[in-house]
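Trainee: One structure, as structure tokens, below. Some questions next.
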Amino acid sequence: MILEAKNLKKYYYADQGLFNTSKRVVKAVDGVSFNLQESSVLGVVGESGCGKSTLAKLLLRLITPTEGEIIFGPAINAFRKDAAIVFQDPLLSLNPKMRVVDILAEPLIIHRYEKYMDRVAELLGLVRLENGLLRRFPAQLSGGQRQRVCIARALACSPKLLVLDEPVSSLDLIMQKQILDLLIELKNKLEMAYVFISHNMAVVEKISDSIIVMYEGKIVESGQTAEVFNRPNAEYTKKLLEAAR
Amino acid sequence: MNKLLQIKNLSISFKNNEKFVNAVNGVNLDVFEGEILALAGESASGKTLTALSITRLLPYNAVINSGEIIFNQRNLLNSSEGELEDIRGKEISYIFQEAQASLNPVLSIGRQIMEPIIVHQKKTESQARAMAVDLLKMVKLPYLIETFKCYPHQLSGGMNQRVMIAMALASRAKLLIADEPTTALDVTIEKEIIKMLLELREEFGFAILFITHNLHLVEKFAGRVAIMFQGRIVEIGRTSEIFSNPQHEHTKALIESIIKI
Ligand SMILES: Nc1ncnc2c1ncn2[C@@H]1O[C@H](COP(=O)(O)OP(=O)(O)OP(=O)(O)O)[C@@H](O)[C@H]1O
Ligand SMILES: Nc1ncnc2c1ncn2[C@@H]1O[C@H](COP(=O)(O)OP(=O)(O)OP(=O)(O)O)[C@@H](O)[C@H]1O
Ligand SMILES: [Mg+2]
Ligand SMILES: [Mg+2]
Chain A
1 MILEAKNLKK
11 YYYADQGLFN
21 TSKRVVKAVD
31 GVSFNLQESS
41 VLGVVGESGC
51 GKSTLAKLLL
61 RLITPTEGEI
71 IFGPAINAFR
81 KDAAIVFQDP
91 LLSLNPKMRV
101 VDILAEPLII
111 HRYEKYMDRV
121 AELLGLVRLE
131 NGLLRRFPAQ
141 LSGGQRQRVC
151 IARALACSPK
161 LLVLDEPVSS
171 LDLIMQKQIL
181 DLLIELKNKL
191 EMAYVFISHN
201 MAVVEKISDS
211 IIVMYEGKIV
221 ESGQTAEVFN
231 RPNAEYTKKL
241 LEAAR
Chain B
246 MNKLLQIKNL
256 SISFKNNEKF
266 VNAVNGVNLD
276 VFEGEILALA
286 GESASGKTLT
296 ALSITRLLPY
306 NAVINSGEII
316 FNQRNLLNSS
326 EGELEDIRGK
336 EISYIFQEAQ
346 ASLNPVLSIG
356 RQIMEPIIVH
366 QKKTESQARA
376 MAVDLLKMVK
386 LPYLIETFKC
396 YPHQLSGGMN
406 QRVMIAMALA
416 SRAKLLIADE
426 PTTALDVTIE
436 KEIIKMLLEL
446 REEFGFAILF
456 ITHNLHLVEK
466 FAGRVAIMFQ
476 GRIVEIGRTS
486 EIFSNPQHEH
496 TKALIESIIK
506 I
């Protein structure tokens with residue numbers, strides 16, 4: 001096992017206005033538990049606002065849970081090196097003042113890679129970007145190019161655990177397929193495990209071994225991918241699959 | 246049908262390391278009143294730049310080498326910044342590609358939607374508030390009162406995308422330019438939002454320039470489609486014809502990829 005989430009919760013408190021002192025609780029993540037095995041992929045689906053990105057940030061300890069815990073397996077030694085994330089909004093997650101070359105080199109330098117420039121060139125090739133982009137700033141790239149820079153950055157130190165939040169949403173279908181194939185290949189070769197968030201059911205079906213379906217912060221369905229796709233139980237899962245046709 | 250917008254022979258380049266690189270190459274594109282025209286094609290082919298050039302929102306280092314953009318009998322490439330400012334708020338509105346990053350991080354959601362209504366449509370504070378609440382309802386955002394006071398970082402990716410859509414709809418523009426407007430939405434909400442856009446279009450008659458890599462949506466909703474590849478439009482025509490009989494290699498590859506994922 002590489003990761004175990006135990007009854008994870010993240011609550012936010014929203015103001016209800018000047019005179020109403022009671023606060024409405026936004027239960028962004030509300031009691032989520034699962035296990036993730038080495039070299040396997042857990043797909044996470046669910047409607048907009050159901051807590052997927054919050055879960056992603058919890059798993060990488062970027063925000064503190066209101067309750068519950070996350071346990072890492074022995075494969076995760078050096079947390080900062082062995083676990084990485086691709087955020088949902090590429091433009092927001094890239095430092096606007098850094099050039100692509102520095103964005104990709106930064107994690108490598110921190111983790112004392114020798115010949116890090118070779119690795120930067122290799123990463124660029126993996127995500128099908130040209131060398132000419134290295135001197136650019138994030139704002140000078142197309143949406144899909146930015147998304148691929150984020151993926152390359154996350155792959156830089158060959159993490160054992162990778163959380164991907166809608167990682168191919170801005171890519172055309174040909175590029176989506178290439179990036180998915182790349183992720184699958186790397187996973188097999190380097191024994192990586194992914195938590196893969198997407199609203200695209202076809203993409204999730206292709207890459208995931210097992211799936212959780214979230215609704216209002218809770219898991220409403222989970223199981224092996226084929227099982228969930230062939231015999232959905234929860235109403236929401238049926239609706240999702242229906243709409244995807 | 247009348248032409249609402251004409252892009253003629255548009256070329257855009259960038260100066261990179263002292264040499265100019267072409268990003269958009271001799272693009273011709275007409276948008277007719279009330280139509281839905283999809284613009285699809287590979288990543289980095291120049292779709293966003295073409296869309297941004299229409300009201301000259303291009304990045305500072307971009308150079309327009311040639312072209313005309315005719316809207317209301319005027320060439321927008323020669324219009325003053327003041328005129329363009331007016332057109333952007335009133336006649337041509339945008340849903341930008343990366344919603345969260347395009348919203349103002351220090352303004353509440355409600356304020357962001359109200360502000361252009363007050364400025365461009367000369368509404369009072371309370372009228373604008375009422376309109377903003379209606380718009381948020383239309384894009385299916387839950388818990389209106391709190392959402393109104395939230396800041397973008399407190400909302401999910403798909404919620405921000407819907408805020409962006411609400412803002413664009415506020416203006417009642419004649420042309421809505423939607424750059425990947427539903428990438429952060431799950432299929433169920435995507436369907437509802439598209440349905441709502443089509444209903445509004447029926448009611449107000451605006452045209453939509455719909456940039457997307459989702460060919461399912463193109464096939465279902467766009468009357469015409471243009472395919473972009475390496476800075477050029479390589480194919481354009483009625484959607485049904487292009488899907489049943491694609492000519493260009495890239496179009497063929499794109500259509501094949503629908504089934505392949
Ligand atoms: N910092 C925050 N403060 C307050 N509420 C928040 C915060 N972050 C998220 N939320 C709320 O938590 C809920 C879940 O948000 P989250 O971003 O996890 O959704 P999501 O499943 O990723 O949605 P999407 O598919 O639209 O990206 C939403 O209602 C959101 O408004
Ligand atoms: N400010 C800039 N400086 C230099 N090159 C740029 C700049 N902005 C965009 N480009 C380049 O212009 C090309 C077209 O970019 P554009 O954003 O129009 O692509 P796109 O078709 O919208 O792609 P995507 O589907 O990935 O969003 C890309 O190669 C991009 O790297
Ligand atoms: Mg999200
Ligand atoms: Mg784009």
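Going line by line, the protein sequences match chains A and B. Under our numbering, the first residue of the first sequence is numbered 1, with each subsequent residue one higher. Under our numbering, the first residue of the second sequence is numbered 246, with each subsequent residue one higher. We put the CB at the ideal spot given by N, CA and C, even for glycine. Because the structure is a prediction, the values reported are computed rather than measured.
#1: Quick one: any contact between the region 225-242 of chain A and the region 247-264 of chain B, if contact means 3 or more CB pairs under 8 angstroms?
#2: In angstroms, rounded to a whole number, what distance separates the CA positions of LEU430/B and ALA139/A?
#3: Can the beta-carbon of ASN273/B be found closer than 8 angstroms to that of ASN247/B?
#4: Just checking my contact of LYS204/A with ILE211/A at CB under 8 angstroms: how many whole Å lie between their CB atoms?
#5: Please identify the residue among GLY144/A, LEU59/A, VAL32/A and LEU173/A whose C-alpha is closest to the C-alpha of ALA289/B.
#6: Nearest-angstrom Cα distance between LEU300/A and ILE151/A?
#7: What do you reckon, are the CB atoms on ARG146/A and LEU92/A nearer than 8 angstroms?
#8: Pull the bridge partners of ASP275/B from the DSSP assignment, please.
#9: Would you list, in chain order, the members of the region 330-353 of chain B that have their beta-carbon closer than 7 angstroms to a beta-carbon of chain A?
#10: Quick check on the DSSP output: what are the complete alpha helix (DSSP H) runs of length 4 or more inside the region 397-445 of chain B, in order along the chain?
#11: Output needed in chain order: residues of the region 442-476 of chain B with a Cβ under 8 angstroms from some Cβ in chain A.
#12: Any heavy atom of ligand 3 closer than 7 angstroms to the Cβ of ASP165/A?
#13: Could you list which residues in chain B have their beta carbon closer than 7 angstroms to that of ILE269/A, in chain order?
#14: Report the CB separation of LYS52/A from GLY46/A in whole angstroms; it is logged as a contact under 8 angstroms.
#15: How about LEU400/B: is its Cβ closer than 7 angstroms to a heavy atom in ligand 1?
#16: From the DSSP secondary-structure annotation, give me the bridge partner or partners of ILE453/B.
#17: Just to check, is the beta-carbon of LYS385/B closer than 7 angstroms to a non-hydrogen atom of ligand 1?
#18: Nearest-angstrom Cα distance between ARG180/A and PHE229/A?
#19: What are the partner residues of GLU313/B, as DSSP defines its beta bridges?
#20: How long is the line joining the alpha carbons of LYS160/A and THR457/B, rounded to whole angstroms?
#21: Indicate the three-state DSSP secondary structure (helix, strand or coil) for LEU131/A in the structure shown.
#22: Taking DSSP as the reference, what is the three-state secondary structure of ARG483/B?
#23: Using a Cβ cut-off of 8 angstroms (strictly closer), state whether ASN273/B contacts chain A.
#24: Using the beta-carbon of each residue, which ones in chain B are nearer than 9 angstroms to ASP89/A?
#25: Note the first and the last residue of the continuous beta strand (DSSP E) segment covering GLU221/A.
#26: Closer than 7 angstroms between the C-beta and any heavy atom of ligand 4: which residues qualify, listed along the chain?
#27: Just grab the DSSP bridge partners of ASN320/B for me.
#28: Would you kindly check if the distance between the Cβ of ALA471/B and the Cβ of ILE481/B is under 8 angstroms?
#29: I need the straight-line Cα distance from LEU263/B to LEU59/A, nearest angstrom please.
#30: Could you give the DSSP three-state label for ARG112/A: helix, strand or coil?
#31: Tell me, to the nearest whole angstrom, how far the beta carbon of ALA283/B is from that of PHE393/B; I am working on the premise that it is less than 8 angstroms.
Mentor: Result, derived from the coordinates:
#1: no
#2: 23 angstroms
#3: no
#4: At residue 204/A the sequence reads Val, which differs from the Lys that was named. Correct: roughly 6 angstroms between the Cβ atoms.
#5: GLY144/A
#6: There is simply no residue 300/A to check, as chain A begins at 1 and stops at 245 in what is shown.
#7: no
#8: GLN251/B
#9: GLN342, GLU343, GLN345 and ALA346
#10: 402-415
#11: HIS458 and LEU460
#12: yes
#13: Nothing in the structure corresponds to residue 269/A, since chain A is present only between 1 and 245.
#14: 6 angstroms
#15: yes
#16: ILE281/B and LEU421/B
#17: no
#18: Contrary to the premise, residue 180/A reads as Leu rather than Arg in this sequence. Taking the straight line joining both Cα atoms gives about 19 angstroms.
#19: LYS253/B
#20: 33 angstroms
#21: According to the sequence shown, residue 131/A is Asn rather than Leu. It is helical.
#22: strand
#23: no
#24: GLU343, ALA344, GLN345, ALA346, GLY402, ASN405 and ALA429
#25: 218-224
#26: SER142/A, GLY143/A, GLY144/A, LYS292/B, THR293/B, GLN342/B, ASP424/B, GLU425/B and ILE456/B
#27: ILE315/B
#28: yes
#29: Residue 263/B is actually Glu in this sequence, not Leu. Their Cα atoms are separated by approximately 44 angstroms.
#30: coil
#31: Wrong, their Cβ atoms sit about 33 angstroms apart, outside the cutoff.
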